[in-house]
Amino acid sequence: MLPIDLAIDETFGFLAGVLPPAPARILDVGSGAGDLAVKLYAHGYRVTALDKSPEAGALSTEAGVPTLFTDFLEYEGGPHDVVLFSSSLHHIYPLTEAVERAHRLLEPGGVLTTEEFARERADAETARWYFETRELLEAAGLCPPVEHAEPLPSDPLERWHAAHAHIEEHPLHTGEAMLAAIRDRFDRVKAQDSPYLYRRLAEAIEPNDLGYRVTQRVLEIERRRIGEGSLVAIGLRIVARRDQ
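The sequence shown begins at 16 in the working numbering and counts up one residue at a time.
What follows is the structure, encoded as structure tokens:
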């Protein structure tokens, strides 16, 4: 088991409670290597993996999952029973067009769902915990040090915002903006908080059994501290249904 497997299993557990039964048609937007698409496919879903990067899709292609390399806003397939954004909607511009396209791609009664993060929710203690945990993992040789073109602020919250505010030419969408855009277009919308910082760390932790066990422990600590109120839940899961 690898660190990323834990994140995939957590997402699949969430989806199991909100997806229609297999063989529902799922569009996995921003599918990356295809880990989640492959798991859904293995459980009988008719999955289309979509990612604009030609370097993505290694796992989904190998597993026989239909994999397309195009921008979501240019995708003209469908219809689908589910449009899934797993850590991808916050990148897509314009946001309102992305939500409108998702609505259009869905069958009536279809589901839009996200496994996202609300970067704006972080407070100083949450940011400090994240960076100190990362530094500890680096010191233990479990993940490589992060290199930055410019030094990041020493204040943990300022550092968090500097590290997560912009990717390439666009700022990342906030959780509040994503939820508002979905509520503007869909009638039935539910949102729930979840742990998320362990996911960011899992992407960097060494991909081996030890890395998996360490990631498990990081998730346990994050979940416990959220329950105690000493960390803020950054994860944002949204489920919206198209009535007509």
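All C-beta atoms, glycine included, are put in the ideal place defined by N, C-alpha and C.
G124: first and last residue of the uninterrupted beta strand (DSSP E) it sits in: The residue labelled residue 124 in the question sits at position 109 within the sequence shown. Element bounds for G124: 121-132.
Since R134 contacts Q207 with CB under 8 Å, what's their CB separation in whole angstroms? Counted from its first residue, the sequence shown places residue 134 at position 119. Counted from its first residue, the sequence shown places residue 207 at position 192. Beta-carbon to beta-carbon, R134 and Q207 are separated by about 17 Å, too far to satisfy the 8 Å threshold.
Taking C-alpha atoms, which residue in F201, R119, P210, L225 lies nearest to L17? Start at 1 with the first residue of the sequence shown, and residue 17 comes out as number 2. Comparing alpha carbon positions, the residue from F201, R119, P210, L225 closest to L17 is L225.
Close Cβ partners of A177 (< 7 Å) along its chain, the five nearest in sequence each way excluded: Against the sequence shown, residue 177 aligns to sequence position 162. The answer, listed in chain order, is L167, P168.
Are the stretch 193-204 and the stretch 240-258 in contact at 8 Å, needing three or more beta carbon pairs? As far as the Cβ criterion goes, the stretch 193-204 touches the stretch 240-258, which means the pair count is three or higher.
Going along the chain, which unbroken runs of the alpha helix (DSSP H) with 4 or more residues stay wholly within the stretch 56-84? Fully enclosed alpha helix (DSSP H) runs of 4 or longer: 73-77.
Examine the Cβ distances between the stretch 97-104 and the stretch 112-132 and report whether three or more of them are shorter than 8 Å. Because the criterion of three Cβ pairs below 8 Å is met, the stretch 97-104 and the stretch 112-132 touch.
Alpha carbon of A117 to alpha carbon of A155, nearest angstrom: The count along the sequence shown starts at 1 and reaches residue 117 at position 102. The count along the sequence shown starts at 1 and reaches residue 155 at position 140. Between A117 and A155, the C-alpha separation is close to 43 Å.
On the DSSP bridge list, what partners appear for L251? One-based indexing of the sequence shown puts residue 251 at position 236. Partner(s): E131, D208.
Where do the ends of the beta strand (DSSP E) carrying F100 lie? As a position in the sequence shown, residue 100 is number 85, starting the count at 1. Unbroken beta strand (DSSP E) run through F100: 95-101.
Going by DSSP in three states, L17 sits in which element: helix, strand or coil? Position 2 of the sequence shown, counting from 1, holds the residue named residue 17. If DSSP states are grouped into helix, strand and coil, L17 belongs with coil.
Residue environment, D138, which counts as buried when at least 16 other CB atoms sit within 10 Å: What you label residue 138 is simply residue 123 of the sequence shown in a count that begins at 1. The residue in question, D138, is exposed, as its Cβ has fewer than 16 Cβ neighbours within 10 Å.
Going by DSSP in three states, R174 sits in which element: helix, strand or coil? Here residue 174 is taken as the residue at index 159 of the sequence shown, counted from 1. In the three-state scheme derived from DSSP, where H, G and I count as helix and E and B as strand, R174 is classed as helix.
Contacting residues, own chain, Cβ-Cβ under 6 Å from H188 (five flanking each side not counted): Residue 188 sits at position 173 when you count from the first residue of the sequence shown. The answer, listed in chain order, is H105, L110.
Kindly indicate which three-state DSSP category D258 falls into: helix, strand or coil? Locating residue 258 in the sequence shown gives position 243, counting from the first residue. Taken through DSSP and simplified to helix, strand or coil, D258 comes out as coil.
Per DSSP, which residues does V44 bridge with? Please list them. The residue labelled residue 44 in the question sits at position 29 within the sequence shown. Residue pairing by DSSP places V44 opposite L65, F100 in a beta bridge.
Opposing strand residues paired with R263 [DSSP bridges]: Missing from the structure shown is residue 263; the chain here goes from 16 to 259 and no further.
Could you tell me the alpha carbon to alpha carbon distance between E150 and P210, rounded to whole angstroms? Walking along the sequence shown from the start, residue 150 turns up at place 135. Walking along the sequence shown from the start, residue 210 turns up at place 195. Taking the straight line joining both Cα atoms gives about 19 Å.
Excluding the 5 residues preceding and the 5 following V114 in the sequence, name in chain order all residues of the same chain whose CB lies nearer than 6 Å to its CB. One-based indexing of the sequence shown puts residue 114 at position 99. Correct list, in chain order: A196, I197, R200.
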